[in-house]
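> Heads up, the sequence shown is in the working numbering, so the first residue is 42 and it goes up one at a time.
This is the structure I want to talk about, given as structure tokens.
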Amino acid sequence: LLTLWPTMLRTRMDTQAEAWTRRALPVLLAGIGICVGGALLGIAWLAALGLVGYLAGLGLWGRGLWQPLRAKPITEFAPASVAAALIWLVIGLTWAGWVLLSAPDWQSVREQFGWPAAALGAGFAVQVLSGALSYLLPSVLGGGPAVVRAGQRWFNAGAGFRLVAINGGLVLWFTPGPSWVKVTGSMLALGAAVDHRGLFEILGD
Numbered sequence: 042l043l044t045l046w047p048t049m050l051r052t053r054m055d056t057q058a059e060a061w062t063r064r065a066l067p068v069l070l071a072g073i074g075i076c077v078g079g080a081l082l083g084i085a086w087l088a089a090l091g092l093v094g095y096l097a098g099l100g101l102w103g104r105g106l107w108q109p110l111r112a113k114p115i116t117e118f119a120p121a122s123v124a125a126a127l128i129w130l131v132i133g134l135t136w137a138g139w140v141l142l143s144a145p146d147w148q149s150v151r152e153q154f155g156w157p158a159a160a161l162g163a164g165f166a167v168q169v170l171s172g173a174l175s176y177l178l179p180s181v182l183g184g185g186p187a188v189v190r191a192g193q194r195w196f197n198a199g200a201g202f203r204l205v206a207i208n209g210g211l212v213l214w215f216t217p218g219p220s221w222v223k224v225t226g227s228m229l230a231l232g233a234a235v236d237h238r239g240l241f242e243i244l245g246d
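This is the structure in structure tokens:
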């Protein structure tokens, strides 16, 4: 994302972004090491401390994303999807840290950890992949400028609705409530996330 983010926004990368990333890398690695060490030793608060360190590293690295955003606000689906994914990344990691600190034992951690894991998988991983592919696929599949523009138009069509459907559906799924609300939210998010089949029809034409 260090280089892809400004590319998606069609602007220049922050001149300090690489320096901030180099500073963030040891912090991120230390956070991972402390978190894994705490889990292996069975010390929940130490694992949570590692997550805090990892979030601090993300904050340092994320400084490099701010200047391109100020220079060129989000107007297309791809960067909007990536931005939403990064928000879910912070939510998922924070949620995981809270589970580690609040659970009375490791059995409770295992029982509750599915929720932050789902936030990281469905909220972060799926959306960052969807955003990146939405930008890259029309270009790398070839077919000339007309095909590239057609692919970009298709991915941007209904972008606002799709983003609201995906993220709103996830929020409904995570919010305590009746089972039908959770099912509706999950189906809404899933349907909006996977409905990219029209791209291949465009490329075929």
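Glycine included, C-beta positions come from ideal geometry on N, C-alpha and C.
Over what stretch of residues does the alpha helix (DSSP H) that includes LEU96 continue unbroken?
Unbroken alpha helix (DSSP H) run through LEU96: 85-112.
> Does the beta-carbon of ASP146 have 16 or more other beta-carbons within 10 angstroms, so that it is buried, or is it exposed?
So ASP146 counts as exposed.
> What are the boundary residues of the alpha helix (DSSP H) that PRO157 is part of?
From DSSP, the alpha helix (DSSP H) with PRO157 extends over 155-159.
> Whole angstroms is fine: what's the gap from GLY83's alpha carbon to PHE196's?
Whole-angstrom Cα-Cα distance: 45 Å.
> Would you give the residue range spanned by the alpha helix (DSSP H) that GLY133 belongs to?
It spans 118-143 - the alpha helix (DSSP H) in which GLY133 sits, taken as one unbroken run.
> List the whole-angstrom C-beta distance separating ASN208 from ALA119, where the pair is believed to meet the contact cut-off of C-beta under 8 Å.
Contact doesn't hold; Cβ gap of about 15 Å is too wide.
> Given this structure, state the Cα-to-Cα distance separating GLN193 from GLN148, to the nearest angstrom.
Answer to the nearest angstrom: the Cα atoms are 47 Å apart.
> So ALA71 and GLY79 are supposed to be a Cβ contact under 8 Å. How far apart are they, rounded?
The Cβ separation is near 12 Å, so there is no contact.
> Taking just the CA atoms, how far does SER175 sit from GLN57?
Approximately 27 Å between the Cα atoms of the pair.
> Could you please give the first and the last residue of the uninterrupted alpha helix (DSSP H) stretch that includes GLN168?
It spans 167-181 - the alpha helix (DSSP H) in which GLN168 sits, taken as one unbroken run.
> What's the gap between the Cα of GLN153 and the Cα of GLY162?
C-alpha separation (whole angstroms): 15 Å.
> Taking Cβ to Cβ, would you say LEU42 is nearer than 7 Å to LEU92?
No, these two residues do not count as a Cβ contact at 7 Å.
> Going by DSSP in three states, PRO217 sits in which element: helix, strand or coil?
Here PRO217 sits in coil by DSSP.
> Less than 8 Å between the CB atoms is what I'm expecting for LEU69 and GLY98, so what's the real figure, rounded?
That belief holds up - the Cβ atoms of LEU69 and GLY98 are roughly 4 Å apart, short of 8 Å.
> Roughly how many angstroms lie between the CA atoms of ARG203 and PRO114, to the nearest whole one?
If I take the Cα positions, the gap works out to 19 Å.
> Can you give me the C-alpha to C-alpha distance between PRO157 and LEU211, rounded to a whole angstrom?
So the two alpha carbons sit approximately 12 Å from each other.
> Rounded to whole angstroms, what's the CA-CA distance from LEU177 to GLN168? Just pull it up for me.
Looking at the two C-alpha atoms, the distance is approximately 14 Å.
> Are the CB atoms of ALA144 and VAL150 within a distance shorter than 7 Å?
A contact, by the Cβ cut-off of 7 Å.
> With burial defined as no fewer than 16 other Cβ atoms inside 10 Å of the residue's Cβ, what is the status of SER122: buried or exposed?
When all chains shown are included, SER122 counts as buried.
> Given a cut-off of 7 Å, decide if GLY105 and TRP61 are closer than it, judged by their beta-carbon atoms.
Yes, they are a contact pair.
> What is the DSSP secondary structure of GLN57, counted as helix, strand or coil?
Coil, per DSSP.
> Span of the alpha helix (DSSP H) holding LEU50?
Per DSSP, LEU50 belongs to the alpha helix (DSSP H) from 45-50.
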